[in-house]
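When we follow the numbering used here, the leftmost residue of the first sequence carries the number 350, and every step to the right adds one. Even glycine gets a Cβ: it sits at the ideal position worked out from N, Cα and C. Single-structure report; data block below.
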Amino acid sequence: MSGGGSLGLKIASWNVNSLRVRLPHLQRWLAAEQPDLVGLQETKTTDDKFPAEALHASGYRSVFAGQPTYNGVAILIRDAQFEEAVDWSAQDPRLPDDQKRLIAATVTPKGTTTRLRFMNVYVPNGSEVGCEKYDYKLRWLDALKTRINKEIASQTQLALVGDFNIAPEDRDVHDPQAWHEKILCSTPERRAFAALLAAGLTDSFRQHCTEPGYFSWWDYRQAGFRRGLGLRIDHVLLSAGLASGCSNALIDKEPRSWDQPSDHAPVVASV
DNA sequence: ATGGTGGGTTACCCA
């Protein structure tokens, strides 16, 4: 599907840094913004404790893959907008291990025959350039690229969203000199991100804004948010058909200003 | 000035 019109869907990604703690923020944001598909990262909860009922009361079905303490991803699907049948899966045999960092769902907007693929990832942070976790991050990204190439080849419309833990370019960094070749900004990480775009995806935010100074994550330390010390590391990437119908994309900084916030802001695209 | 905060948990963890 290329050159098509818009589906009229608002899709989003948000690293909530503990769904247990952030559920009130999430519900407040869902009610205000009414996104149709949401990828959540760092839910930090096991599946038996996932607040599926509370989210259903907010109008969303959930699919989720969690583990104790770390990681955890979920997809929220707005009931009113989609057919009931949802094909979903977590994990991928190409990935280096079983950490819960990837989940994908195929949904059908009500009254259509469109098959929309929504993939949500929590890319490893990598800790520090050159360390073992950094190598793991690059291996994980290589596996993701292979997976994305396969998804793109399947010709379905694909949105790949998540916390990529990569600021793609210097304009995505508050102080490019200070961050030069540091974690989240190093050349191998940026190449891995570029390889995802080269597979046939578009960074929706950069379709609508080319200016520096737009960030999606601010460190809790150093009063990062108040001082504007951020990076743009959360992304909504769209295959060609979706990108051509993408009418808007933004970073919603408001929830980052609320009490007890996640360190990430939600990112949104209208397709 | 090389720290700091905020999740998780009880691991000199992870971001």
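T559 and S476 have their C-alpha atoms roughly 28 Å apart. Here the alpha carbons of R450 and T394 stand approximately 13 Å from one another. For G573, there is no enclosing beta strand (DSSP E), since its DSSP letter is neither H nor E. V470 sits in a strand when the DSSP states are folded into three classes. When DSSP reads this structure, I424 sits in a beta bridge with G388, V412. A buried status is given to A516, since no fewer than 16 other beta-carbon atoms sit within 10 Å of its beta-carbon. Excluding five sequence positions before and after V472, the CB atoms of its chain that fall closer than 6 Å to its own CB belong to F513, N514, given in chain order. For S619, the uninterrupted beta strand (DSSP E) segment begins and ends at 616 to 619. When DSSP states are grouped into helix, strand and coil, K482 belongs to the helix group. For G590, the enclosing alpha helix (DSSP H) stretches over residues 589 to 593. For the pair W566 and H613, the CB atoms are nearer than the 8 Å cut-off.
Ranked by Cα distance from K359, the options R377, E382, N366 are led by E382. Using a Cβ-Cβ distance cut-off of 8 Å, the region 483 to 499 and the region 535 to 546 are in contact, since at least three pairs of beta carbons, one from each stretch, lie closer than that value.
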